[in-house]
DNA sequence: GTCATGTGTTGATCTGAATCAAAGTCGTTG
DNA sequence: CAACGACTTTGATTCAGATCAACACATGAC
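Residue numbers (the working numbering), protein chains in the order written: chain A, 93 to 335; chain B, 93 to 335.
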């Protein structure tokens, strides 16, 4: 899978250098970080962190997709965030989280023990600064998602989702014929968008029938017309001839 | 209006000392802050900040209620945040915001010019730390709201909203008979909850009929049974006698 | 007072998405 | 390769909440 964030910034292989920590890659602290890191893997479906559990480490996604979700007492759940490669898990200064973190696909994390990581953060203001930026970015995207959940129709939700995937996974193609991989099942997409899996499936079928997207298989998606994604129903039957 | 946050922390009158800046109130920096502050007022309905506009100041709400909202091209809008007295407006290190800020009622703000405020923040790590905490709090409540918008029913949305108001406005009453003031119109509540104003009105009526809440007038609300707020429909007709 | 105007309630109807139900597709394992 | 399970599609039906519409109730201006 392509990770534009990693190739965009020329720096060594550890993702945390890029998104979470280092806007100024030539400092000493990075060597300290480097010596602290460990890798952990989780199988698809496995829990990474439970709500309320003490937070032992911070981490950066190396590969795979993880999700943040909240659950009501009766089992209804809503994803509240999606973590793609190079994204950061962690709450500077917090020891608990308010949501579950689950591996959506097989996931590899690059982890740092929380305590020494926080010590490092406290001692290097530009790293703290970078983490604040990340938190504000998260806040902005959470608010975008609130608009989606509260006011968009099923088709608009799917369109926004596809557009987000294209934006994050495909930076080099021509304006049309973008390619993406759906990183999750219909059920998980439904949880992310505040829909049911049936509605997600129907909307994909409708977009396909309208010639806006196409599937080579269940996961691999071609967007044939990015602009039309955001248009009305594409009810193009042209008003057929009188019978 | 009662502002529990202000009375809970014994400190001088400026709200920014309490929520945004100062967990350690005896430092010199506060005097610098004190000399920087100015007050601004906005009438109900007036815009405080527009999306994309350069951000000239940070501020703390002294009185009144303001809201953050996002709007789709066709006019559908969704509130993405509600600012009550002592809440903070501002994005350390950012010069723009991604949403509109509007005065929901008449509002008074305690403002600080952004540049000198940020200088102060850069020079005093514990203030930066406090701002990070605020950002993470915001993120947590944004995610709670995502669960509400994506998965809760109209009744549950109203119940959660009422409970939030009670929690923030009324800390000293007995477990039942909590009192609150609805700080906004039905229409604004609907925008906050991802509903229409008619649905909001109907749900209030239903809760009243079920004896769970009561209105002395349109704005003043008594919660007679906080627990029952979160129960099922309260369809208590008991299965009447056979006709 | 009465006439606007903004706000709130209630009723009737419609509709988009949920729910219920049945098949179809793919990948895996024995 | 057959049989199983996980995932997906599609159809029929239902229902919560939206929409459309009318009226009620304040408040303030004149």
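From the three backbone atoms N, C-alpha and C, an ideal C-beta is built for every residue, glycine too.
Chain B places no beta carbon closer than 8 angstroms to that of residue 193/A, leaving this residue out of the contacts. Boundaries of the alpha helix (DSSP H) around residue 212/B: 206-215. Within the same chain, 272 come within 6 angstroms of residue 261/A by CB-CB distance, once the 5 residues on both sides are set aside. Rounded to whole angstroms, the gap between the alpha carbons of residue 136/A and residue 310/A is 17 angstroms. Contact of residue 142/B with chain A is not assigned, every C-beta pair being separated by 8 angstroms or more. The shortest CA-to-CA distance from residue 293/A to any of 286/A, 278/A, 313/A and 285/A is the one to 278/A.
Sequence-distant partners of residue 148/A (beyond 5 residues in either direction) whose C-beta falls short of 8 angstroms from its own C-beta, in its chain, are 205 and 206. Counting other Cβ atoms within 10 Å of its Cβ, residue 146/A stays below 16 and is therefore classed as exposed. In terms of beta-carbon proximity, residue 183/A lines the interface with chain B, with at least one pair separated by less than 8 angstroms. Using a C-beta cut-off of 8 angstroms, the region 232-242 of chain A makes contact with the region 155-167 of chain B, since at least three inter-stretch Cβ pairs fall below that distance.
Here the C-alpha atom of residue 253/A lies approximately 34 angstroms from the C-alpha atom of residue 275/B. Straight through space, the alpha carbons of residue 258/A and residue 223/B are spaced by roughly 33 angstroms.
The continuous stretches of beta strand (DSSP E) do not include residue 258/B, which lies in the alpha helix (DSSP H) extending over residues 246-261.
Taking the beta carbon of residue 220/A as reference, the chain B residues within 7 angstroms of it are 220, listed in sequence order. With 16 or more neighbouring CB atoms inside 10 Å of its own CB, residue 295/A falls in the buried class. Contact between residue 156/B and residue 195/B holds, with the beta-carbon distance rounding to 7 angstroms and staying under 8 angstroms. Membership of residue 307/B in the beta strand (DSSP E) is indicated by the continuous run 305-307. Excluding five sequence positions before and after residue 173/A, the CB atoms of its chain that fall closer than 6 angstroms to its own CB belong to 160, given in chain order. Residues of chain B whose Cβ lies closer than 7 angstroms to the Cβ of residue 232/A are, in chain order, 190. Taking residue 141/A as the centre and dropping the five residues before and after it, the same chain places the C-beta of 147, 181, 189, 192 and 193 closer than 8 angstroms to its C-beta, in chain order. Counting the other Cβ atoms within 10 Å of the Cβ of residue 301/B gives fewer than 16, which makes it exposed. Identification of residues in the region 195-226 of chain B having a C-beta nearer than 8 angstroms to some C-beta of chain A yields 214, 217, 220, 221, 223, 224 and 225, given in sequence order. For residue 139/B, the CB contacts under 8 angstroms within the same chain, skipping 5 residues up- and downstream, are 192, 193, 194 and 195 in chain order. Nearest to residue 134/B by alpha-carbon distance, out of 245/B, 282/B and 200/B, is 200/B. If the five residues before and after residue 169/B are omitted, its C-beta is found closer than 8 angstroms to the C-beta atoms of 161, 162, 163 and 283, all from its own chain and listed in chain order.
Here DSSP, grouped into helix, strand and coil, assigns residue 238/B to helix. For the 8 angstroms CB-CB criterion, residue 213/B and residue 184/B form a contact. Annotation: the continuous beta strand (DSSP E) that includes residue 162/A extends over 158-163. For a Cβ distance threshold of 7 angstroms, residue set 170, 172, 234, 237, 238 and 241 of chain A lies close to residue 238/B, ordered along the chain. When Cβ-Cβ separations below 8 angstroms define contact, residue 289/B makes no contact with chain A.
Residue 211/B counts as exposed, since fewer than 16 other C-beta atoms from the protein chains shown sit within 10 angstroms of its C-beta. With contacts defined by Cβ atoms closer than 8 angstroms, residue 231/B and residue 231/A form a contacting pair. Of the residues 220/B, 269/B and 248/B, the one whose Cα lies closest to the Cα of residue 306/B is 269/B. Distance between residue 316/A and residue 251/A, taken at the CA atoms: about 13 angstroms. For residue 286/A, the closest Cβ of chain B is nearer than 8 angstroms.
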